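There are 2 protein chains.
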Amino acid sequence: MGLEMGILVRNAVEPEGGCLRAEPVSHCATCHTRFLAVCSAFEDHELSDFNRIVQHRCHAAKAALFEQGQNADFVFSVSEGVVRLFRLLSDGRRQIIGFALPGDFLGVSLPLTHDYCAEAVGAIRVCRIPRNAFVALVDEKPHLLRKLHEFACRDMRTAREQMVLLGRKTAEERVAAFLLTMRERWARVAHCSVTVPLPMSRVDIADYLGLTIETVSRTISKLARDKAIVVVPDGVRLLDIPRLQAAGAR
Amino acid sequence: MGLEMGILVRNAVEPEGGCLRAEPVSHCATCHTRFLAVCSAFEDHELSDFNRIVQHRCHAAKAALFEQGQNADFVFSVSEGVVRLFRLLSDGRRQIIGFALPGDFLGVSLPLTHDYCAEAVGAIRVCRIPRNAFVALVDEKPHLLRKLHEFACRDMRTAREQMVLLGRKTAEERVAAFLLTMRERWARVAHCSVTVPLPMSRVDIADYLGLTIETVSRTISKLARDKAIVVVPDGVRLLDIPRLQAAGAR
DNA sequence: CGTTTCGTTGATATTAATCAACGAGCGTGG
DNA sequence: CCACGCTCGTTGATTAATATCAACGAAACG
């Protein structure tokens, strides 16, 4: 943590608890993820109840939102940027269990302690919500629980796909499937495009796909050599989507 | 399906839709999983509402409860036996995404179509519930939704563990972790014991752990040679749990 | 402008997959 | 009852995929 704090301070001014001063969203009503995130459970007139308990915050790259085993005092909704979620084995091996994009929620299970770590990939904006206040709101508003369950079920579907990928797909299939999935997920957030942002490092991608950096790098190079993709700064442009779908093994 | 029907018929009489005549539980109140399964959401006096819509059924080994892509007309609660849940790739590769034990629920997301297959491993008893009636009941009873969400979150935690296993663990670690997890899960159902029932075949275990049968077989043999386990009919007895925990890589 | 990090590529090692053979158990049918 | 075919699990030999080790260039950063 000390190390990361240092990076934070180097990148931007940090008034308290890792939150940067770059001004966050002032009110949920103006948030990009208003109709995408859990807050889509609320009617406009209910939003102020929610807004009262959320804290709009910014974090620099590599900031930890929470760590494996830590008390879950807060839950989070990502409003901008990407968060990596991962578990660590005792010998340092890491498995990234997901990337949270804008609109995604961290803490659907309202856990007492977090069972994975969450770190900002690049700079991010999040809504931080005290767990207790949120639990109280969930108790009060049935549609919120329903929305939460919906989110949990979507996460579950994604997790199942990932199990198939990790258990039974080859390196090329994993990378191709990853690119197509990220494309779909970004399409939900922003307008659809063939250029897929990949703000995370090769190490992150490797730890997500159960591969090594070298294998990820080689596979991406191969797809580029085959003219299925073009590597661009912080992302790839998908040239031959049918080719990728064939490679992705459905 | 034709093949499996044949097996069903050979094993037991089958009056309709793959349900065997061996008499199922007559009422939820007498069910082994009364306080373990979703029905634990109900007080005793509410149970008859639930009992009215459930169908207690038996299935022979290899019977399919539902298939990937099929309309989800029913959801299920397992009351006896083990169900394998899996996805198939177009070329036949299979990934088992979970084993459902007594008390487990299939269809927490109340999906319109199933996105995986469910098959009885051995003979099973299940509560089959028409999806529509169940959805109506969930709308009516807030604690049921809460219970469902709790189940979804538990599944999610299991899925995350499995992603770590599939992405980052060695063959021996996978097998050791699998045995320890199965032990814990059986302990929830029946009394705790060092003998872990493994009613599923080696192929099933392999497809769950992202390995081949040969590797599973060799690894089990190695653990047995090391006196960490003893192989018994349809299961293993865990002799050296610390050794297994060390091998299981936390 | 040096230092560090990150991504790429090449050479080699290692793990687990594949290919192959065999024996035990089981149900079927002669 | 025994012989036959079949499935299942085990073990051995070999191969293939990916990990590991190593070197290097480019970009980022202080």
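Each protein sequence line maps, in turn, to chains A and B.
For the first sequence, this note's numbering gives the first residue as 1, with consecutive numbering after it.
For the second sequence, this note's numbering gives the first residue as 251, with consecutive numbering after it.
Built from N, CA and C at the ideal position, the CB exists for glycine as well.
Source: prediction; values computed, not measured.
1. Could you tell me whether the Cβ of B:Ile-347 comes closer than 7 Å to any Cβ of chain A?
2. Given this structure, state the Cα-to-Cα distance separating A:Leu-180 from A:Phe-66, to the nearest angstrom.
3. Is B:Val-358 helix, strand or coil by DSSP?
4. Could you round the C-beta distance between A:Thr-195 and A:Val-232 to whole angstroms and report it? I think they count as a contact, below 8 Å.
5. Taking the alpha-carbon positions, what's the B:Val-486 to B:Ile-347 distance?
6. Using the three-state DSSP reduction, which class does A:Gln-162 fall into: helix, strand or coil?
7. Distance check for B:Arg-302 and B:Ala-440, CA to CA, integer angstroms please.
8. Mind checking which residues open and close the alpha helix (DSSP H) that includes A:Pro-130?
9. Report whether the distance from the Cβ of A:Arg-250 to the nearest heavy atom of the ligand GDP is below 6 Å.
10. Taking one C-beta from the region 158–173 of chain A and one from the region 108–116 of chain A each time, how about it: are there three or more such pairs within less than 8 Å?
11. To the nearest angstrom, how far is it from the Cα of A:Arg-87 to the Cα of A:Gln-95?
12. Name the DSSP bridge partner or partners of A:Pro-197?
13. Going by DSSP, which residues form a beta bridge with B:Gln-305?
14. If the cut is a Cβ gap below 7 Å, which residues of chain A does B:Pro-392 touch?
15. Quick check on A:Met-1 - is its C-beta less than 7 Å from some C-beta in chain B?
16. Go ahead and pull the three-state DSSP assignment for B:Thr-283.
17. In terms of residues, what are the limits of the beta strand (DSSP E) holding A:Gln-95?
18. Anything in the region 408–435 of chain B with a Cβ closer than 7 Å to a Cβ of chain A? List those residues in chain order, please.
19. Report yes or no: is there a C-beta of chain B within less than 7 Å of the C-beta of A:His-149?
20. Could you give the DSSP three-state label for B:Met-255: helix, strand or coil?
21. Is B:Cys-367 closer than 7 Å to B:Val-304 when the C-beta atoms are compared?
22. Tell whether a beta-carbon distance below 7 Å holds between A:Ile-315 and A:Ala-206.
23. Whole angstroms is fine: what's the gap from A:Ser-221's alpha carbon to A:Pro-199's?
24. For chain A, check one thing: does any of its Cβ atoms lie closer than 7 Å to the Cβ of B:Ala-279?
25. From which residue to which residue does the alpha helix (DSSP H) around B:Arg-493 run?
26. Sorted by chain position, which residues of the same chain lie with C-beta nearer than 8 Å to A:Gln-70's C-beta, five sequence neighbours on each side aside?
27. Let me know the secondary structure DSSP gives B:Cys-367 once reduced to three states.
28. Which residues of the region 94–127 of chain A have a Cβ closer than 9 Å to any Cβ of chain B? Give them in chain order.
29. For A:Ile-124, which of A:Ala-61, A:Ala-136, A:Leu-47 has the nearest alpha-carbon?
30. Give the DSSP-derived three-state secondary structure of A:Leu-47 in the structure shown.
31. Let me know if A:Ser-193 comes out buried or exposed under the rule of 16 or more other beta-carbons within 10 Å of its beta-carbon.
32. Only counting the same chain, and skipping five residues up and downstream in sequence, which positions put a Cβ closer than 6 Å to that of B:Arg-500?
33. Let's see if you can read the secondary structure: which residues bound the beta strand (DSSP E) around B:Leu-335?
34. List the residues of chain A that B:Ser-340 touches, going by C-beta distances under 8 Å, in chain order.
35. Find the residues of chain A that neighbour B:Arg-396, judging by a C-beta separation of less than 8 Å, and give them in chain order.
36. Distance, Cα to Cα, A:Pro-130 vs A:Ser-40?
In short, the structure shows the following:
1. It does: the Cβ of B:Ile-347 has a partner Cβ on chain A nearer than 7 Å.
2. A direct Cα-Cα distance of roughly 29 Å separates A:Leu-180 from A:Phe-66.
3. Coil, per DSSP.
4. In this structure A:Thr-195 touches A:Val-232 by the C-beta definition: roughly 7 Å separates them, less than 8 Å.
5. Each residue's Cα considered, the two are about 22 Å apart.
6. In the structure shown, A:Gln-162 sits in a helix (DSSP, three-state: H, G or I).
7. Here the alpha carbon of B:Ala-440 sits roughly 27 Å from the alpha carbon of B:Arg-302.
8. A:Pro-130 -> not in any alpha helix (DSSP H); beta strand (DSSP E) instead, spanning 124–130.
9. Among the components modelled here there is no ligand, and therefore nothing to report on the ligand GDP.
10. With the cut-off at 8 Å, the region 158–173 of chain A and the region 108–116 of chain A do not touch.
11. If you take the alpha carbons of A:Arg-87 and A:Gln-95, they lie about 5 Å apart.
12. In the DSSP assignment, A:Pro-197 is bridged to A:Gly-235.
13. Residue pairing by DSSP places B:Gln-305 opposite B:Arg-378 in a beta bridge.
14. Here the neighbours are Pro-142.
15. Residue placement at A:Met-1 is poorly supported in this model, since its pLDDT is 31, which falls under 50; the coordinates still yield a value, given next. No, its Cβ sits nowhere closer than 7 Å to a Cβ of chain B.
16. In the three-state reduction of the DSSP assignment, B:Thr-283 falls in the coil class, being assigned neither a helical nor a strand state.
17. The continuous beta strand (DSSP E) containing A:Gln-95 extends over residues 94–100.
18. Cβ contacts with chain A come from Ala-409, Arg-410, Gln-412, Met-413, Val-414, Leu-416, Gly-417, Arg-418.
19. Flagged as an interface residue toward chain B: A:His-149, by a C-beta distance shorter than 7 Å.
20. Because the pLDDT at B:Met-255 is just 32, under 50, the model does not fix this residue reliably, and the value given afterwards should be weighed accordingly. The answer is helix: DSSP assigns B:Met-255 an H, G or I state.
21. Going by C-beta atoms, B:Val-304 is not nearer than 7 Å to B:Cys-367.
22. Absent from the structure is residue 315 of chain A, since the part of chain A shown begins at 1 and ends at 250.
23. Approximately 18 Å, taken between the alpha carbons.
24. No, its Cβ sits nowhere closer than 7 Å to a Cβ of chain A.
25. Taken as a continuous stretch (DSSP letters only), the alpha helix (DSSP H) holding B:Arg-493 covers 491–498.
26. Closer than 8 Å at Cβ, skipping near neighbours: Thr-113, His-114.
27. Three-state result, B:Cys-367: strand.
28. Here the close residues are Arg-94, Gln-95, Ile-96, Ile-97, Gly-98, Val-108, Ser-109, Leu-110, Pro-111, Asp-115, Tyr-116.
29. Nearest neighbour of A:Ile-124 by Cα position, chosen from A:Ala-61, A:Ala-136, A:Leu-47, turns out to be A:Ala-61.
30. Of the three classes helix, strand and coil, the one that applies to A:Leu-47 here is helix, per DSSP.
31. By the neighbour-count criterion, in which 16 or more other beta carbons inside 10 Å mark a residue as buried, A:Ser-193 falls on the exposed side.
32. Cβ neighbours of B:Arg-500 within its own chain (closer than 6 Å, five residues either side excluded): none.
33. Its beta strand (DSSP E) spans residues 333–338.
34. Scanning chain A for C-beta atoms nearer than 8 Å to the C-beta of B:Ser-340 yields Ala-249, Arg-250, reported in chain order.
35. Ordered by position in chain A, the residues that pass the 8 Å Cβ test against B:Arg-396 are Leu-145.
36. It is roughly 19 Å from the alpha-carbon of A:Pro-130 to the alpha-carbon of A:Ser-40.
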